[in-house]
Amino acid sequence: MELVAEALDGDRHALARLISLVEDDGIEAQEALAALYPSTGQAHLVGVTGPPGSGKSTLVNEFAKALRARDVTVGIVAVDPTSPFTGGALLGDRVRMRDLAGDPGVFIRSMATRGSLGGLAQATNDVVKVLDAAEFDVILIETVGAGQAEVEIARTAHTTVVLEAPGMGDEVQALKAGLMEIADILVVNKADRPGASRTARALEMAVNRNMASNDDHWRPPILQTVALDGSGVSEVLRAIEDHREYLCASGLLAERERMRVQAELLNLLQHKLLDQLLDKAGEEQMKAWIERIAAREVDVYTATRELCEA
Amino acid sequence: MTKPLRVLIAKPGLDGHDRGAKVIARALRDAGLEVIYTGLRQTPEMIVESALQEDVDGIGLSILSGAHMTLVPRVLEGLREMGLGHVKVFVGGIIPAEDEARLEELGVAGVFGPGSSTEVISSFVREQLSED
Chain A
117 MELVAEALDG DRHALARLIS LVEDDGIEAQ EALAALYPST GQAHLVGVTG
167 PPGSGKSTLV NEFAKALRAR DVTVGIVAVD PTSPFTGGAL LGDRVRMRDL
217 AGDPGVFIRS MATRGSLGGL AQATNDVVKV LDAAEFDVIL IETVGAGQAE
267 VEIARTAHTT VVLEAPGMGD EVQALKAGLM EIADILVVNK ADRPGASRTA
317 RALEMAVNRN MASNDDHWRP PILQTVALDG SGVSEVLRAI EDHREYLCAS
367 GLLAERERMR VQAELLNLLQ HKLLDQLLDK AGEEQMKAWI ERIAAREVDV
417 YTATRELCEA
Chain B
1201 MTKPLRVLIA KPGLDGHDRG AKVIARALRD AGLEVIYTGL RQTPEMIVES
1251 ALQEDVDGIG LSILSGAHMT LVPRVLEGLR EMGLGHVKVF VGGIIPAEDE
1301 ARLEELGVAG VFGPGSSTEV ISSFVREQLS ED
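Sequence order for the protein chains is A and B.
Under the working numbering, think of the first position of the first sequence as 117, with each following residue one higher.
Under the working numbering, think of the first position of the second sequence as 1201, with each following residue one higher.
Here is the structure:
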């Protein structure tokens, strides 16, 4: 495909159009992805996640600046939520990434989560593949604020950085259940604010508990940053590099890659099979089933079984 | 699902009043568009670069400083230079009537002054961007 060739050849306009094509899905998108897939697998994929307002965009901006200072090229995918009511989205992550303007070694793309089930994960995966094939050394993936998508990021990224800001108090409890477990690196941002060391201590305790209950040999470091003035950022970058080395040396990189591919394959199969089944059943029949289930004439398990066996 | 329209909302120049730009960004979001909001103090070059990376269908420029006859032509030129001549540009802010006509001659798709309703702007932008 010409567009793929142009994009991989360094044409930024072609790259932007290719990302749109991939994001909009469809048969052309799949052909493009098939064409560029052999060129993927080189970049280090770093996920950055955390609650809204914890400083993800600002920190991503600082990461990118520091990486550029070392002549490492950076692709950024910044995801913000789509309104479930209007389908519109306000993508505001670029506001914090002004410093990166004018640098050909950086490519920033804002993405909306859009509607479809599981769509976020897959579309993000695919856009990341495009940037990977376009030979960006590091790809920073900034997720939406709190939610299930945050856990999904661990399946896409090699290294997941989880951000926390001080003053979350008891909410640290909640954090332990989901986010803690996917973190390769924990960052307490806004560390100039009161309570930062207390937050760090709470995370430390949680990490200790996690380390005791699994046999992972990587201990997520807990680092403090002030993204606004860049302090602590180089320590985080070093931790990201250490993690990359750990993944390579331990053979975990290949294992994670297999797990990622497995999750992606299962996810796509699930959607494909669902589409096929819905096509076969037809809208009318689906409506009829829904009516019958709502009227308590049949239960949802029986309906599922019959739809699958039909 | 049809592909959502993408639009960049930017404030070129040095005036620091971004309420209008934010209101428009929100209105376009509510009209179902994907709005990339870049914030204050953007140079024309930054705006063109963001438009390129984000592959947008249109750009809304908010200018209250009076520098529109300098800033807007530079955005339009930049777009043409980058092969983005198809991207529709609309302008909001304090624009005298005579300048409005001159901006439109230069290729601006629409100019909206104070008091423009967000419904009118949203449907205008929607229509303009859906054209091709």
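Ideal Cβ positions, reconstructed from N, Cα and C, are used throughout, including at glycine.
Residue i (DSSP reduced to helix, strand or coil)
i	result
G235/A	Low per-residue confidence applies at G235/A: pLDDT is 48, beneath 50, and the placement is therefore not dependable enough to give any value.
H160/A	strand
V267/A	helix
G1220/B	helix
I192/A	strand
A322/A	helix
M327/A	helix
M117/A	coil
F1312/B	strand
L1284/B	coil
A228/A	strand
E258/A	strand
V277/A	strand
F1324/B	helix
F179/A	helix
T1202/B	coil
Residue i burial status per 10 Å Cβ neighbour count (16 or more: buried)
i	result
S329/A	exposed
F201/A	exposed
R271/A	buried
A426/A	exposed
M375/A	exposed
L385/A	exposed
T198/A	buried
S1330/B	exposed
R412/A	exposed
H1217/B	exposed
Y1237/B	buried
A290/A	In this predicted model, A290/A has a pLDDT of only 49, less than 50, meaning its place in the structure is not dependable; the value taken from the coordinates is given anyway. Per the 10 Å Cβ criterion, exposed.
T165/A	buried
G416/A	In the sequence under discussion, the amino acid at residue 416/A is Val, which differs from the Gly named in the question. Exposed.
D98/A	Here chain A covers residues 117 to 426 and nothing more, so residue 98/A does not appear.
V377/A	exposed
Beta-carbon proximity check, residue i vs residue j, cutoff 8 angstroms
i	j	result
P168/A	G261/A	yes
P282/A	R317/A	no
A182/A	L382/A	no
V1287/B	A1231/B	no
M117/A	A151/A	yes
L247/A	S226/A	no
I338/A	L319/A	yes
A1210/B	I1321/B	no
V303/A	H160/A	no
H274/A	R186/A	no
I224/A	I192/A	yes
G1307/B	L1271/B	no
I1224/B	G1266/B	no
S1262/B	G1292/B	yes
T189/A	G221/A	yes
L149/A	D242/A	yes
A343/A	G171/A	yes
V162/A	V244/A	no
R184/A	D219/A	yes
A249/A	S136/A	no
Residues bridged to residue i (per DSSP)
i	result
Q340/A	V304/A
S350/A	S350/A pairs with nothing; no bridge assigned.
L363/A	Partner(s): none; L363/A has no beta bridge.
G1260/B	I1209/B and F1290/B
T198/A	A205/A
Q1242/B	P1212/B
I1236/B	L207/A and L1208/B
M213/A	DSSP lists no partner for M213/A.
V222/A	V190/A
T272/A	None; T272/A has no bridge partner.
Own chain residues within Cβ distance below 7 angstroms of residue i, not counting five before or after
i	result
M296/A	A322 and N326
E1245/B	G1278
S88/A	As shown, chain A starts at 117 and ends at 426. That puts residue 88/A outside it, with no answer to give.
T341/A	L175, V303, N305, A307, S347, G348, V349 and V352
L233/A	A caution first: L233/A carries a pLDDT of 45, below 50, which makes its placement in the model unreliable, though a value can still be read off. There are no such residues.
Residues near residue i by beta carbon distance below 8 angstroms, same chain, minus five either side
i	result
R335/A	V323 and M327
A239/A	V138, E139, D141, M227 and R230
R408/A	V414 and A419
I1247/B	L1208, A1210, P1212, T1238, I1259, L1261, V1275 and G1278
Sequence-distant residues of its chain with Cβ nearer than 6 angstroms to residue i (five each side left out)
i	result
R1206/B	E1234, V1256 and D1257
E1300/B	V1311
S173/A	D209 and R212
Y362/A	W334
I1294/B	L1264
F1290/B	G1260, A1309 and G1310
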